[in-house]
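Numbering of the sequence shown is given in the numbering used here, commencing with residue 81 and proceeding in unit increments.
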Amino acid sequence: SVCWLYRVDYVYFENSSSNPLLIRRIEELNKTANGNVEAKVVCFYRRRDISSTLIALADKHARDQHQQSLEEEMENPELNPVDLPEKQKHQLRHRELFLSRQLESLPATHIRGKCCVTLLNETEALKSYLDREDAFFYSLVYDPQQKTLLADKGEIRVGNKYQADITDFLKEGEEDGRDLAKLEERVWDPSSPLTEKQIDQFLVVARSVGTFARALDCSSSVRQPSLHMSAAAASRDITLFHAMDSLDKTRYDMTRAIAALVPQGGPVLCRDEMEEWSASEANLFEEALEKYGKDFTDIQQDFLPWKSLTSIIEYYYMWKTTDRYVQQKRLKAAEAESKLKQVYIPNYNKPNPNQLSVNSVKPGGVGVPPGQIPGLGRACESCYTTSSYQWYSWGPPNMQCRLCASCWTYWKKYGGLKMPTRLEGERPGPNRNNMSPHSVPMRHGGSPKFAVKTKQAFYLQTTQVTRAARRVCQDIIRPRFLARHPYLPLNTAQIKQECALRLPDEPKKPLPLKPVERKPLEFVVRYLEAHPCPPKHDPPRGQTVTTGSLTPIKSTPNILNNGSPTILGKRTYEQHNGIDGERPRCGRGVERGWSSWDVDGRLFWSLLHSIGVGVCNPTFCVFVASLSPPLPLISLCLNVLL
């Protein structure tokens, strides 16, 4: 809608026509060289944008906070989210956001409206966020780089950990037993015999000595080439502190104090951080301050590693008293005054590419009979309505799902559907008797056109150097330990470096193999004769042959598609990964042989492994085929394999 946007507004940004809108807070409005307006914004993340592990931590934090509030205050039923209906709890999750410290620049033309984001108010009913349009709340801060969540609220630090223990009031004349000489050092005595005039005269002498000392110092004459600059440097606090300290150490004897200012080697030269720093170091400090602000630790690490943290902090507070700081402050104020404080956003009325119309769809589709328009008559995936003035495609294109106009607006603003799916909670659904196991409309043939396969297989082939590193660097890799702790990180760079050093010196010897004890063939024959295979009876014709598998095979119902209910979010694991269908029916003999394969297959393969003969060995095949009737299954399997 048409609106004026200001610097601190919360707005919707659109980066994709099908994805939900982004929620951002405007920090700055800048005008580029070509006249376009860009907004420097703070990022907010939805629950759908972070991992399920962090979502579980956020929910646990919310439960702990609620339990703590119940213990400290009187229980308020309106604040308890458990009392909300399932639908409202589902929609309340769409109003929760996570603040981040991440900044980004986006064009102002992608703004799609205003919203309101507030810190979660524990004294306010959660239902109030649902009653307000475009209202969101947050309580945790999300770090996209570190993948962590932190609470974004202050903490009242009360207790012995943060506050000093106040002792009882001492009576008149009572001492606390502490030796103050061990706890503090006196630097000035206000009851000294010197008058204020005498002290001021001594400070003038100290400034004069400091000016003369700078005239004798070569480095100071380069930094302060004029007499005025040397006198100004000698009048700084470091010179006055040294003069007053000399008075206190000499018991306020003026003669001894003046002699301390001019010792045997020459006049004392006192310098502070403003004089110790060079011009290039001062420029580096100003550049670092512009980038990091008052983060002195980062300034030291990235810009001034040869300076101590104490020196940097002391220089900062002295730098704030200079004219250069005042000049930069005026320039920043003028720059902030010239920046944009508001921008006019016109109404966005361009059509969305996800809009559906009869002319824009083509007949036919996944699971759609020939000549029929896909999605025609399908209910809304969120509210199950079948009538709307405008429809929008939603979800994977091959699923032909759609949302009505109201649910599409809700999806774009809040990033979810109005009604919870079965994965999130119980959801009343329409009659599904006319749907296949994939929830895809059935053809007359009784099987889906496509079985959705969401997983892809992969093959990992290690190199010879990697396999050699397992033996050479076994003390670093610790395979037994890592097998029990699969989520511990492994320093591959260290292993590569160590393997490159050890591999040339490793002796060329074959890998040690454990000997395998193989039983003779006579033992196997005697065992099979003592344990004959039970006879298998042929099942009557027309009956289903049991396969012996632990998991029954589900047949696909041959039901026609007479309606079009919603299809996403309600499929089981087997339906998500597809159904391969029934096993192909073979001849009766082969079918009988495979029916006992699940029972005796392990025995057969253990036989092959024990005698050490391959399946394709013709001598072994002839031998097995010539055995007596106790081995019909083995003969059958060999015929099938060969």
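Beta carbons: idealized from backbone N, C-alpha and C, even for Gly. Every value quoted in this text rests on a predicted model; they were computed, and no experiment measured them.
Residue 434 and residue 473 do touch by the CB rule: their CB atoms are close to 5 Å apart, below 8 Å. Judged by beta-carbon spacing, residue 171 lies within the 8 Å limit of residue 210, meaning their Cβ atoms are closer than that value.
With a 10 Å radius around the Cβ and a threshold of 16 neighbouring Cβ atoms, residue 236 comes out exposed.
At a Cβ-Cβ threshold of 8 Å, residue 107 and residue 122 count as neighbours. Note on geometry: alpha-carbon atoms of residue 567 and residue 577 lie some 22 Å from one another. Non-local beta-carbon contacts of residue 296 in its own chain, meaning distances under 6 Å to residues more than five positions away in sequence, are absent. Taking a cut-off of 8 Å for Cβ pairs, the region 325-341 and the region 362-379 do not touch, as fewer than three such pairs fall below it. Going by beta carbons, residue 318 and residue 351 fall inside the 8 Å limit. Burial check for residue 480: the Cβ neighbour count within 10 Å reaches 16 or more, so the residue is buried.
By alpha-carbon distance to residue 97, the top candidate from 491, 222 and 132 is 491. Secondary structure note for residue 493: its alpha helix (DSSP H) is the uninterrupted segment 485-494.
Note on geometry: alpha-carbon atoms of residue 239 and residue 265 lie some 30 Å from one another.
In its chain, beyond the 5 residues on either side, 92, 93, 94, 192, 492 and 493 have a beta carbon closer than 7 Å to the beta carbon of residue 101. With a beta-carbon spacing of about 26 Å, residue 359 and residue 320 fall beyond the 8 Å limit used to define contacts. Residue state for residue 390 is assigned as helix, using DSSP reduced to three classes. Exclusion of the five residues before and after residue 190 leaves 93 and 94 as the residues of its chain whose Cβ lies within less than 6 Å of its Cβ.
With a contact defined as Cβ atoms closer than 8 Å, residue 186 and residue 126 miss out at about 17 Å.
Shortest Cα-Cα distance from residue 342 to any of 316, 288, 425 and 419 involves 288. Taking the Cβ atoms as the reference, residue 178 lies roughly 28 Å from residue 242, outside the contact range of under 8 Å.
Residue 282 and residue 257 have their C-alpha atoms some 38 Å from each other. In the displayed model, residue 290 falls within a helix according to three-state DSSP.
Counted as a single uninterrupted DSSP element, the alpha helix (DSSP H) harbouring residue 209 occupies residues 207-211. Your pair residue 311 and residue 291 checks out as a contact, with CB atoms roughly 5 Å apart and the cut at 8 Å. Taking a 10 Å sphere around the C-beta of residue 293, we find 16 or more other C-beta atoms and assign the residue as buried.
Excluding residues up to 5 positions away in sequence, 175, 176, 177, 197, 198, 199, 200, 201 and 209 lie with their Cβ nearer than 8 Å to the Cβ of residue 217 in the same chain. DSSP places residue 264 in the coil class of the three-state scheme, outside both helix and strand.
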